[in-house]
Each structure stands twice: as C-alpha cells, then as structure tokens.
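Going down the list, the sequences are from chains A and B.
Using our numbering, you'd call the opening residue of the first sequence number 1 and step up by one each time.
Using our numbering, you'd call the opening residue of the second sequence number 662 and step up by one each time.
Every residue gets a Cβ at the ideal spot worked out from N, C-alpha and C, and that includes glycine.
The structure presented is a predicted model; accordingly, all values stated were derived computationally and were not measured.
Inspection log for the structure reproduced underneath, given as structure tokens.
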Amino acid sequence: MLLRNLCSDEITQLENQGCWAEAWETVRVVDHFNPHRIQRVRFYGAVELGDFSADIEVEAGVRRACGIYDSTIQDCRIADNVRIADVGELVRYTIETGAVLQKVDSLIVVGDSTFGNGIEIDVLNEGGGRTMRIFDRLSAQLAYCLVHYRHDSEMVACIEAMITDYCLERQSSRGVIGSSARIERCGVLRNVRVGPFAEIRGAVELANGTLASVEADPVRIGSGVIARDFIVQSGSHISDGVMLTHTFVGQGVRLGKQFSAEHSAFFANCEGYHGEALSVLAGPYTVTHHKSTLLIAAQFSFFNAGSNSNQSNHMYKLGPLHQGILERGAKTGSGSYLLWPCRVGAFTAVIGKHAANFDASELPFSYIDVQDGKTFITPAMNLFTVGTKRDSSKWPQRDRRKDAEKHDRIHFDLFNPYIMGRVLRGIDLLDQLVQNTPREHEIVKVKGLHIKRLLLKTCRKYYEIAVQVAIGQALAVKLEAAPHDSWRAVRDELAIETGSNLEEWIDICGLLAPQSRMQELLVALRSGEITDLEKLDDRFADLYRAYDNSNWSWIVALIEKRLGISWNGMENEQVKQLIQQWRDQAIKLNKMILMDAEKEFDVNSRIGYGVDGNRETIDADFTAVRGTFAENSFVWQLKKENTEIAARADALLERLKNLSP
Amino acid sequence: METTEVHTRVKAVIARVLKMEAGQIKDDANFIFDLGADSMQSLELVAAFEEEFGIEMDEDKALEVQTVSDAVDFIAGYLMD
C-alpha cells in the first residue's frame with residue numbers, strides 16, 4: 001500500500017465523527033482514503049488504513065458498508081475493503097482484504113508470538129517422554145517419527161532443529177487476519193493467526209494458536225469454543241463448546257458437542273463429539289461420537305469408539321506411564337475397557353472390559369471379548385464381518401479434505417503388505433499353537449490372550465483365504481495391465497527389476513511403506529541429507545507414491561516363497577492356479593460377508609418392530625424401515641463385486657490359456 | 662458311519678460347545694434362534710464338527726447350515742465323500 005498522512009480536513013472530519021487518535025501523524029492512509037467510513041474509532045500507535053469504499057456481505061444476503069466503526073485500533077495494518085465494527089481492542093494485527101470483524105471483545109497480539117507453532121504436547125505417554133512439538137504444517141507421518149522413534153535421539157534432534165527453524169520463521173509481534181476471514185460475536189482472541197476465509201463465530205476464547213485456513217477449505221470455529229495453545233489445519237470445523245488445550249487439529253477434522261481434548265493430536269478426517277481425549281495420537285479417521293467415552297494415552301487410526309469406551313494408563317504405581325496402540329481399523333464396543341499397556345491388532349473389534357495387558361498385534365481381523373473375566377480372542381473372525389468390508393470401502397469416500405496440499409498421506413488398501421505381513425505371522429503363530437497344544441487342552445494362552453484350541457485350525461484357514469485373495473487381486477490388476485501375446489512377455493513385464501522383497505512393512509500413521517524405506521529416510525535425516533521440513537515432506541511423498549511398486553514387489557516375493565520358485569521361472573500354469581484361487585476365495589469371502597449381513601435382516605433383528613401388531617405387522621414395519629436384504633445397497637454392491645470378480649478371473653484365465661509360451 | 666451315529670455325535674458336540682444337555686436339542690432346532698449360538702459359537706461348532714469327524718468343511722457352506730438336522734446331513738455328506 002502506498003500511504004500518506006491524513007490531511008487536516010480529514011482529521012477534522014474524523015474527529016467530527018467521534019474518532020480520536022493518540023497521534024494523528026502516525027495514522028497513515030491510502031491515496032483514495034475516504035474518512036466517511038471511519039466512525040467512533042480510537043487510534044493508538046502506528047495504524048495504516050486502506051480504501052473502504054465497497055460494501056461487503058456479512059451474512060448470506062446481508063450487505064454492510066466496509067469501514068471501521070465503534071472500535072479501538074492499535075498498531076494495525078488494515079487493507080482495502082475490510083469491515084471492523086464493535087471490536088473492543090484490535091492490537092498488532094494485519095487485516096487482509098475483505099475480512100470482517102464484528103462484535104469482538106479483544107483481538108490482540110502480546111509480545112513475540114509463534115501463534116501456537118512449537119507448542120509441546122505429551123501424546124501417548126501422559127507423563128511425557130514422547131513430547132512432540134506441533135506446527136501448522138505437521139503431518140501424521142512426521143508425528144509418528146517424533147512420537148515412536150524417541151530411541152533415535154540423533155534423528156529426533158534433527159527434526160527438532162527443523163521445527164525450531166520453522167517456528168522462528170512464524171514468530172512475529174504482529175498477527176494476521178487473512179483475506180475474507182470472518183470473526184464475529186467472539187470474546188478474547190490473543191496471539192491467534194487466522195488464515196484466509198476462516199470463520200470464527202461465537203468463540204469464547206482462543207489463545208496462542210493458528211487457524212491455517214485456505215480459500216478452498218476454510219477453517220470454521222463456532223460458538224462456545226475455548227482453545228489454548230493449538231493448531232488447526234485447513235478444512236476443520238470446531239464448534240459447540242469444544243475445549244482444547246495443547247492440541248493439534250489436522251485437516252478435515254470435525255470436533256463439536258462439548259468434546260474436550262488435552263495434549264492430543266487429531267489427523268485427517270478425525271471426528272470427536274461429546275467425549276474426552278487426553279494424550280491421544282489420533283491418526284487419520286479416528287472417530288469418537290459419544291458421551292462418557294474417554295480416549296487416553298493411546299494411538300488410534302481408522303478407529304471407531306463405542307459409547308462409554310474407556311482405558312486406564314496407570315494403576316496407582318509410578319504414575320500415568322502406560323500406553324496403548326490400536327492399529328488401523330480397530331473398534332471398541334459400547335462399554336469396553338482396556339488396561340494399558342496393550343496392543344490391539346488391525347481391524348479387530350474389542351468387546352467387554354479387559355483387566356489384563358495383552359498384545360494382539362500379530363492376530364489382525366480378530367474379535368476380542370471377555371469370557372469368565374478372561375480376555376479371549378477369535379482370530380480372523382473380522383475378515384468376514386460386514387463391518388470390516390463396509391468400513392474399508394467407506395473411508396476413501398469420506399476424505400473431506402479439499403485443500404490442494406494434503407499434509408497426511410493415507411493408503412486405504414485393506415489387504416496391504418503391512419496387514420498381510422501380520423496375517424502371515426498370525427498363521428505361523430496359529431500353526432505353532434496347533435502343534436504344541438495337546439488335544440485335551442481346551443484353551444491356549446498367548447501374549448495375555450486366551451484362544452480356544454478348537455478354533456486354531458479354523459482361524460488359520462480364514463487367514464489363508466485372505467492371503468490367497470491378497471495375492472490374486474494384486475496379480476489380476478497387474479495381468480490386466482500387461483496385454484501381451486506370450487507368457488514370457490507378460491512375465492518379463494511384471495518382473496521386479498530390483499528384486500522382490502518379502503520384508504516387514506509399517507503403518508506410518510496412515511502411510512504404508514516397507515520398513516527399510518523408512519530406515520533409509522531416518523538415515524537421510526541423521527546424515528543431514530534432509531535439511532528442512534519441506535524436503536522431509538517430499539520424502540514422505542516419495543514413500544506414498546512408491547506404494548504400488550513396493551506392494552507388487554512384496555506380492556511377488558510372497559508368491560515366490562509359497563511356490564518355492566523365482567518369478568523369472570514362473571510358469572503360466574502356476575499363475576492360472578493363483579487366479580483360480582483368487583476367484584474361488586474372493587467369492588467365498590464375500591459370500592461369508594453376505595451371510596453376516598443377512599443377520600441384520602433375520603428374526604432377531606426385527607425385535608421392537610411392529611410394536612402393536614402380529615408377525616405380519618412386524619415384517620411389514622421392518623421392511624418399511626430397513627428394506628429387504630436383496631434390495632440393500634451394500635448387499636447389492638457385494639453381489640455385483642462377486643459377479644465382477646468372476647468375470648475378471650474368467651477373462652484372465654481364458655487369456656492365459658491362449659498365450660503363446 | 663451310520664446316520665444315527667452321526668446324529669448322536671453331532672448333538673453331543675452341540676451340547677459340549679453350547680453348554681447344554683444333549684437331550685434338550687431337537688432335530689429342527691435352529692442354531693441361532695433356538696439354541697442361542699452367537700457368531701463366535703458358530704465358528705466353534707464348525708471347528709468342533711471338523712475335529713469330531715476328522716473332516717474339513719467348506720467355510721462358507723458350513724456357515725450356511727442353520728439347523729441340527731441340516732448339520733447332520735451336511736456332515737454325513739462329507740463322510741460319504
């Protein structure tokens with residue numbers, strides 16, 4: 001802005017309009033400044049004023065004049081076409097074009113502030129030890145490194161130094177209210193940076209934080225919110241009495257209905273209503289909707305908390321030191337309780353109250369329940385429950401992030417190498433238990449869990465179905481993309497140049513990658529090859545993009561191990577068998593899921609329907625409300641999927657049959 | 662194996678897994694609605710039948726079996742094969 005001093009006529013007009021300045025010579029204005037739209041305003045310090053000649057929409061269909069009315073302004077730069085009305089104190093802020101500030105008690109920057117960047121939060125371990133510093137570009141993957149690799153002090157120090165540099169860049173004695181932001185009917189906002197197009201309506205208190213809003217995906221803060229020492233990334237909405245302290249809110253998050261959180265981080269697409277979170281690392285899609293639900297000292301992702309879910313992180317010994325990990329896709333049933341330390345495997349449902357510490361990470365897709373006070377696990381049972389299938393297909397569709405820059409990298413594949421690696425270990429474990437357990441033993445104990453001996457072989461068979469489906473579906477996709485006339489050409493195209501690798505994969509808070517690739521990244525950090533947060537983010541992006549190739553390398557290695565032959569020696573006939581297995585097992589698995597879905601329509605599910613009628617009324621009422629099994633959209637989709645699997649497999653088998661050698 | 666023996670042993674397995682008296686189990690009893698078997702007990706029943714008769718049943722077809730008499734027929738079919 002090219003600025004000039006006010007002329008004497010303008011000062012006179014301003015004074016006639018009820019304005020006052022500590023020193024008019026420090027109030028500078030743009031060339032076309034019109035004093036008419038500055039009324040009853042008190043100016044302190046250096047103030048810069050733009051052109052306020054336009055009108056602005058303050059609510060849908062409600063337009064008001066730009067300008068400054070009934071407010072006190074100190075040391076501010078106010079751009080063109082801003083409306084500021086009834087703001088008690090506006091101190092040390094740059095207000096960008098098109099912003100509206102109305103009925104705000106105080107909006108003030110005190111001292112130098114990083115606006116929440118660099119705040120330390122104690123996740124997982126409530127007593128500290130996994131302290132992480134939050135900032136407005138934090139990703140779930142970076143958080144994972146900081147929280148879980150504390151033993152790599154050199155690497156942690158490197159990242160800490162980068163965060164320090166970044167926070168210093170963000171440090172300022174002046175805040176920013178971004179273009180077209182709306183701040184209305186609020187209490188005190190102190191040391192808060194507000195990004196473009198953010199909306200803050202009715203917040204009680206916001207202190208030391210950043211709302212990293214963008215035009216494509218604004219941040220919205222609603223009534224009654226109190227937030228201290230916080231970061232909120234783009235597209236997140238927080239409303240209705242939420243209380244946050246030392247908390248990070250990632251992209252596309254929804255918090256409301258008096259939810260409270262302390263020392264917690266919520267990454268992409270999390271939802272928190274009614275309940276409480278303390279020292280929680282909530283990976284993508286962590287959802288808690290109910291009152292009396294406490295999430296404490298744990299890591300979750302793709303998680304759904306049943307009402308009154310609860311956990312304990314100490315037992316009146318050395319303090320709240322214990323932690324829990326619920327791997328992706330885990331769920332807790334209503335009234336469930338877990339005693340930390342404890343680890344729940346991927347896509348596992350926990351039902352009941354568990355007073356024992358257990359590690360179920362090598363038995364994914366399980367049911368964990370309580371029988372006679374003991375924790376029992378039924379491995380693999382969740383493979384063919386309708387919830388697993390429904391959840392895994394709904395998450396990609398529910399990614400609500402609209403910001404072009406997505407901080408968290410998320411892989412959604414259900415049968416990915418991380419989980420399938422656990423399934424393979426589960427198979428080994430069950431095999432060992434089958435071999436080592438005499439028939440007269442009814443129950444087997446392993447890692448704090450009880451398993452019924454009878455189920456060992458059965459559950460192993462279910463895991464085997466998953467392995468065959470995982471191999472087949474990856475193989476089918478690759479074969480479909482290699483339309484050659486000879487088997488040799490197909491095989492060569494699908495060969496892994498760098499060699500296949502059946503290595504361990506990890507779930508980096510939503511991003512799936514071989515552990516060795518993560519180790520390479522950590523080495524690059526320690527060696528100084530990665531020098532700033534942007535380069536580190538690029539490396540996570542590389543890992544994200546490498547998924548398809550790495551996944552195929554893992555699948556090829558798995559095929560090689562199971563068939564005892566290298567890919568280069570693989571025969572057409574062997575691949576045909578794998579496709580045939582996929583056809584059979586994938587269709588079988590879906591049929592088992594359909595059977596589970598059908599239970600939702602059986603007689604037991606109709607209890608409470610047709611309250612004043614006979615059997616006929618009950619059925620009619622149920623059908624009117626729930627529809628029929630055959631017409632259910634999920635059922636219909638699953639049947640369609642089976643038809644498609646059969647068609648794809650048949651087409652591939654026919655093509656393979658006709659290939660020349 | 663005679664069907665009557667299969668019948669007797671099937672009921673004995675059901676009684677053991679669902680913790681009830683074999684004499685209380687009727688042939689037309691539905692595992693879920695009459696005998697109260699939940700999802701996990703259904704898996705246990707499949708596993709127990711496999712062990713009792715030394716057979717390996719098709720997973721999805723086994724879970725389709727709804728009544729005691731259906732289970733007897735289903736298992737007898739495997740034993741005949």
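Determine the burial state of residue i: buried for a count of at least 16 other Cβ atoms within 10 Å of its Cβ, exposed for fewer.
{"i": "A/H237", "result": "buried"}
{"i": "B/F694", "result": "exposed"}
{"i": "A/S336", "result": "buried"}
{"i": "A/Q585", "result": "buried"}
{"i": "A/M420", "result": "buried"}
{"i": "A/E154", "result": "exposed"}
{"i": "A/P483", "result": "exposed"}
{"i": "A/V253", "result": "buried"}
{"i": "A/E96", "result": "buried"}
{"i": "A/K588", "result": "buried"}
{"i": "A/A60", "result": "exposed"}
{"i": "A/A722", "result": "In this structure chain A extends from 1 to 661, so residue 722 of chain A is not present and cannot be described."}
{"i": "A/S633", "result": "exposed"}
{"i": "A/G569", "result": "exposed"}
{"i": "A/W20", "result": "exposed"}
Applying a beta-carbon distance threshold of less than 7 Å, which residues of chain A neighbour residue i?
{"i": "B/L704", "result": "T378, M381, L455, T458"}
{"i": "B/I731", "result": "Contrary to the premise, residue 731 of chain B reads as Asp rather than Ile in this sequence. Within 7 Å Cβ-Cβ: nothing; B/D731 doesn't reach chain A, min ~14 Å."}
{"i": "B/E712", "result": "L454"}
Distance check for residue j and residue i, CA to CA, integer angstroms please.
{"i": "B/D734", "j": "B/H668", "result": "9 Å"}
{"i": "B/V707", "j": "B/I716", "result": "10 Å"}
{"i": "A/A404", "j": "A/R422", "result": "34 Å"}
{"i": "A/A647", "j": "A/H290", "result": "43 Å"}
{"i": "A/S393", "j": "A/L211", "result": "31 Å"}
{"i": "A/D399", "j": "A/V469", "result": "26 Å"}
{"i": "A/A140", "j": "A/R453", "result": "39 Å"}
{"i": "B/M681", "j": "A/L383", "result": "29 Å"}
{"i": "A/E534", "j": "B/E712", "result": "59 Å"}
{"i": "A/L521", "j": "A/R539", "result": "7 Å"}
{"i": "A/G608", "j": "A/V625", "result": "12 Å"}
{"i": "A/N551", "j": "A/N416", "result": "7 Å"}
{"i": "A/F230", "j": "A/A268", "result": "16 Å"}
Between which two residues does the alpha helix (DSSP H) holding residue i run?
{"i": "A/Q432", "result": "417-436"}
{"i": "A/L326", "result": "Element bounds for A/L326: not the alpha helix (DSSP H) but the beta strand (DSSP E), 324-326."}
{"i": "A/A524", "result": "515-527"}
{"i": "A/Y544", "result": "533-545"}
{"i": "A/T458", "result": "455-480"}
{"i": "A/C167", "result": "153-170"}
{"i": "A/G335", "result": "That residue, A/G335, is in no alpha helix (DSSP H); it is neither H nor E in DSSP."}
{"i": "A/T385", "result": "No alpha helix (DSSP H) contains A/T385, which DSSP labels as neither H nor E."}
{"i": "A/R626", "result": "615-626"}
{"i": "A/E120", "result": "Segment 120-122 is the beta strand (DSSP E) holding A/E120; no alpha helix (DSSP H) there."}
{"i": "A/D492", "result": "487-494"}
Under 8 Å between beta-carbons, which chain B residues line up against residue i? List them in chain order, please.
{"i": "A/N604", "result": "I693, F694"}
Taking C-beta pairs closer than 8 Å, name the residues in chain A that residue i reaches, listed in chain order.
{"i": "B/V707", "result": "T458"}
In the DSSP assignment, the beta strand (DSSP E) including residue i goes from what residue to what residue?
{"i": "A/D55", "result": "55-59"}
{"i": "A/W505", "result": "505-508"}
{"i": "A/A277", "result": "276-282"}
{"i": "A/F176", "result": "According to the sequence displayed, residue 176 of chain A carries Val and not Phe. Its beta strand (DSSP E) spans residues 175-177."}
{"i": "A/V214", "result": "Where A/V214 is concerned, there is no enclosing beta strand (DSSP E), given that its DSSP letter is neither H nor E."}
{"i": "A/D229", "result": "226-232"}
{"i": "A/L244", "result": "243-249"}
{"i": "A/I579", "result": "Unbroken run through A/I579 is the alpha helix (DSSP H), 572-598; no beta strand (DSSP E)."}
Taking C-beta pairs closer than 9 Å, name the residues in chain A that residue i reaches, listed in chain order.
{"i": "B/L679", "result": "Ordered by position in chain A, no residue passes the 9 Å Cβ test against B/L679, which lies about 13 Å from the chain."}
Whose Cβ in chain B lies nearer than 7 Å to the Cβ of residue i?
{"i": "A/Y367", "result": "M701"}
{"i": "A/K640", "result": "Result: empty, since nearest Cβ-Cβ is about 18 Å, beyond 7 Å."}
{"i": "A/K561", "result": "Those within 7 Å of A/K561 in chain B number zero; the least Cβ separation is about 24 Å."}
{"i": "A/K452", "result": "E705"}
{"i": "A/K535", "result": "Near A/K535 there are no residues of chain B at all, since even the closest Cβ is about 49 Å away, more than 7 Å."}
{"i": "A/K667", "result": "Any property of residue 667 of chain A remains undetermined from this structure, which presents chain A solely from 1 to 661."}
Give the interface partners of residue i over in chain B, defined as CB-CB distance under 9 Å, in chain order.
{"i": "A/Y609", "result": "By Cβ distance, chain B contributes nothing, its closest Cβ being about 16 Å from A/Y609, past 9 Å."}
{"i": "A/M592", "result": "E720, D721, L724"}
{"i": "A/K461", "result": "E717, E720"}
{"i": "A/M595", "result": "D721, L724, E725"}
Would you say the beta carbon of residue i is closer than 7 Å to some non-hydrogen atom of the ligand SAH?
{"i": "A/S527", "result": "You won't find the ligand SAH in this model; it holds no ligand whatsoever."}
_For the segment 683-705 of chain B, list every residue whose C-beta sits within 8 Å of some C-beta in chain D, in sequence order._
Going by chain labels, chain D is absent from the structure shown, which instead holds the protein chains A and B.
Every unbroken beta strand (DSSP E) within the segment 8-94 of chain A, with a cutoff of 3 residues, ordered by chain:
27-30, 38-44, 47-49, 55-59, 62-65, 67-74, 83-91
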